[in-house]
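Student: Handing you a structure now.
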Amino acid sequence: ELQCEQAIQQALNANPQSIEAYRTLADLRLVQQRPSEAAEALSQAMGLIRSLDRDSLFYPAYDERSSLARLLIETGRPAEAMEVLEGLIAEDDEVIDTWYLMGVCGQALQDREAVIEAFSMALRLKKRLGDEDQEQAESIQSILSEMGISLEELELEEENQN
10 ELQCEQAIQQ ALNANPQSIE AYRTLADLRL VQQRPSEAAE ALSQAMGLIR SLDRDSLFYP
70 AYDERSSLAR LLIETGRPAE AMEVLEGLIA EDDEVIDTWY LMGVCGQALQ DREAVIEAFS
130 MALRLKKRLG DEDQEQAESI QSILSEMGIS LEELELEEEN QN
């Protein structure tokens with residue numbers, strides 16, 4: 010932990026505009042069970058992302074933004090996570106995990122339509138790409154059940170997409 014702290018501090022000293030360093034700091038703070046400090050680091054990261062043009066050399070890579078979205082969800086900030094995820098979908102709409110995270114955000118925001126759209130797409134991609142992640146499929150089923158959404162509603166969404 011101490012080495013992580015030192016490495017993050019060195020990264021921030023070298024580049025106080027490092028989105029990755031703030032994201033890593035937030036992750037560390039969550040592990041340390043210091044959620045308010047994690048939220049502060051995530052706010053710094055989001056502020057930096059919002060200040061950058063998507064064409065900037067400093068704009069974070071897809072995986073980095075996906076990790077940031079996960080942390081935003083974990084810290085109870087689904088609206089900001091959705092903002093990040095929408096950018097990811099615009100960049101590549103064939104990543105199952107991104108659609109899954111959008112569905113999780115939709116659940117947190119109590120946005121039934123967002124859940125239906127996101128999970129419909131996630132399940133369609135899982136089928137088309139031969140993804141066999143059963144844990145994720147079970148999580149989707151559980152969330153749908155909790156929200157009272159039937160598979161028929163997802164199938165209707167799929168028909169509307171075609």
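Here this note's numbering = 1-based position in the sequence shown + 9.
Glycine included, C-beta positions come from ideal geometry on N, C-alpha and C.
Only a predicted model underlies this, so the values are computations on that prediction, with no experimental measurement involved.
1) Taking Ile149 as the reference, give the member of Ser129, Gly96, Leu81 with the closest Cα.
2) Are the beta-carbon atoms belonging to Thr107 and Leu118 less than 7 angstroms from one another?
3) Leaving aside the five residues before and after Ala20 along the sequence, list all residues of the same chain whose C-beta is less than 6 angstroms from its C-beta, in chain order.
4) If I measure Cβ to Cβ from Met111 and keep anything under 6 angstroms in the same chain, skipping five residues before and after, which residues do I get?
5) Mapping the DSSP letters down to three states, classify Met130 as helix, strand or coil.
6) Nearest-angstrom Cα distance between Leu154 and Glu147?
7) Is Glu103 helix, strand or coil by DSSP?
8) Judging by CA-CA distance, which residue of Val124, Asn169, Leu165, Glu164 is the nearest neighbour of Ile152?
9) From Arg59, Leu57, Arg32, Ile58, pick the residue whose C-alpha is nearest to that of Glu46; which is it?
10) Measure the alpha-carbon distance for Glu162 versus Tyr109 and round it to whole angstroms.
11) Compute the Euclidean distance between the alpha carbons of Glu10 and Leu34, then round it to the nearest angstrom.
12) At a Cβ threshold of 7 angstroms, is Ala16 touching chain B?
13) Tell me which same chain residues have a C-beta within less than 8 angstroms of the C-beta of Leu160, skipping the five on either side of it?
14) Which residues in the same chain as Ile82 place their Cβ atom closer than 8 angstroms to its Cβ, once the five residues preceding and following it in sequence are excluded?
Tutor: Walking through what the data contain:
1) For the purposes of this step, residue 149 is taken as residue 140 along the sequence shown, with counting starting at 1. With distances taken between Cα atoms, Ile149 lies closest to Ser129.
2) One-based indexing of the sequence shown puts residue 107 at position 98. One-based indexing of the sequence shown puts residue 118 at position 109. No.
3) Stepping through the sequence shown from its first residue, residue 20 is reached at position 11. Around Ala20: Ser27, Ala30.
4) Against the sequence shown, residue 111 aligns to sequence position 102. Answer for Met111: Leu94, Ala127, listed in chain order.
5) Position 121 of the sequence shown, counted from the start, is the residue given in the question as residue 130. Helix at Met130.
6) On the sequence shown, residue 154 is found 145 positions in, with the first residue counted as 1. On the sequence shown, residue 147 is found 138 positions in, with the first residue counted as 1. This sequence places Ser at residue 154; Leu is not what is there. If I take the Cα positions, the gap works out to 10 angstroms.
7) Here residue 103 refers to the residue found at position 94 when the sequence shown is read from its first residue. Coil, per DSSP.
8) Translated into positions along the sequence shown, residue 152 becomes position 143. It is Val124 whose Cα lies nearest to the Cα of Ile152.
9) As a working note, residue 46 is residue 37 in the sequence shown. For Glu46, the nearest C-alpha among the options comes from Arg32.
10) Locating residue 162 in the sequence shown gives position 153, where the first residue counts as 1. Locating residue 109 in the sequence shown gives position 100, where the first residue counts as 1. Distance between the alpha carbons of Glu162 and Tyr109 is about 17 angstroms.
11) Position 1 of the sequence shown holds residue 10. Position 25 of the sequence shown holds residue 34. Their Cα atoms are separated by approximately 11 angstroms.
12) The chain labelled as chain B is not found in the depicted structure, where only one protein chain is given.
13) Your numbering for residue 160 matches position 151 in the sequence shown. If we look at Leu160 and ignore the five residues flanking it on each side, its Cβ neighbours are Leu153.
14) Sequence index remark: in the sequence shown, residue 82 carries index 73 (1-based). Only Ala90, Leu110, Val113, Cys114, Ala117 meet the Cβ criterion.
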